[in-house]
Each structure stands twice: as C-alpha cells, then as structure tokens.
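Some notes on the structure that comes next.
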Amino acid sequence: MLSEPNILIVIAVIIAAGHYLIFRLAFDQEFEDRFTIYQEQAKQNLLNDNQEFVSTMKGIIELDPEAVEKVGYGDQWKNRLDIIGEMKAERAKIEGKIYLVYIILILSVLVSSLAFVMPDGIILPYGYNFYFTSVSWWLLVLAILLILYLLLQQYLLERRLSDPKYLEKMEGGQRISSGENAISRFLRKIESLV
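All residue numbers for the sequence shown refer to our numbering, where the first residue is -17 and numbers rise by one.
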C-alpha cells in the first residue's frame, strides 16, 4: 500500500494535470476567436456610431466644435474602448494566476517529501506533533480552491463576451454567442481527446 506522502504526491500530480487540461481547454482557440470577434464588433459599432454622430451633428460641429465635448460623446467613445482594454487586462491577470496553482502544488509535493525524512513529524511541547503531511493536505485544498476561483473568473469573463451591455450600443447591443456553455465545450474536447 502507498504511504500518506506517496498518496499526497500522486494527488498533487493528478490535480496539476487536471488543472492544465481545464485551463488549456478553457483558453483555447475558440475563446481567442470569440475575443477577436468581440473586439472587431465593438470597434465596428464605435465607428458606425461615430459616423452617425458626425452626420447628424455636422451643422453643430461646424458652428461650435466644442459642442461635441460638451455633449460628452468623446468620453463615451473612450469608455467603450476602455472596456476592451479592461477585458484584456483581466484575461492576462487570470493567465498569470494559473501558474500560482503549480507553485502551490510543487510546494505541497516538497512538504510531503519531508515526511519521508521525518515520518514522525516534529515533536512540539506539551506532547503535540507537527506532521508535514497535514500541511501538504492544506496546500492541496488551497490549490483546489484557487482552481475553482480561476474557473469562476474565466466563466465571468466569458459571460461578458456574450453580454450585450459590453458592446453597449444605445439601441440594445449585439450578442456574440459562444454556441454552447463552457462545461459542454469542455466535455466535447475531452471526448475528442479520448
């Protein structure tokens, strides 16, 4: 039978492999394509709105160029463009945190490896023992919680790509459908691998 440190190491490797599969499938080419479509549609909507605004306000712009600034149209345009930048930054932040899970899992393996050297742990005052495997278990729990947090963040980001308010056209916006939800897409990709 496997000892507890061996079991912890195997669990850490399984979690790392699962984490890799989940996030490589989550940030796949389809996500990239939807993100690109989102950017192109947002820019096209902004250009159309700008042309419409210029054509309707042409007389006012010729009389008083500062009237456009008073209306605040430039600020609205800038805010719409900032949304794209914010989504890029959020995506980069999520991808940056993916590696934190691996660091926690490696730390869990290293701590559980100390249990091979000191199987009885460190004897503390008043008859307590500090076992390295207990720390390793908590690190595994932390890694799983971090994976769930990152999945939630990725899901919320993907929902925003489908949300019409982020393409914010005053008449109602456009919806970029993902075609299917994240779970069904993940299961379909697992089936294609097997």
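Backbone N, C-alpha and C define an ideal beta-carbon position, used for all residues, glycine too.
With DSSP run on the structure shown, which of helix, strand or coil describes F112? strand
Taking C-beta to C-beta, are L92 and I(-7) nearer than 8 Å? no
Give me the Cα-Cα distance between G67 and L143, rounded to the nearest whole angstrom. 13 Å
Quick one: give me the first and last residue of the alpha helix (DSSP H) that G0 is part of. E(-14) to A8
From L124, T115, I129 and N111, pick the residue whose C-alpha is nearest to that of N(-12); which is it? T115
My understanding is that I126 touches I(-3), with C-beta atoms under 8 Å, so please give their C-beta distance in whole angstroms. 7 Å
Determine whether the beta carbon atoms of Q136 and A8 lie at a separation below 8 Å. yes
Length of the line joining the Cα atoms of S118 and L139: 31 Å
Assigned exposure category for S37 - 16 Cβ within 10 Å defines buried: exposed
In the DSSP output, what is P104 paired with across the bridge? One detail in the question is off: residue 104 reads as Ile in this sequence, not Pro. According to DSSP, which records beta bridges pairwise, I104 is partnered with F112.
Between the Cα of Y113 and the Cα atoms of L28, E22, L96 and L124, which residue gives the shortest distance? L96
From S(-15) to L89, what does the alpha carbon distance come to, in whole angstroms? 19 Å
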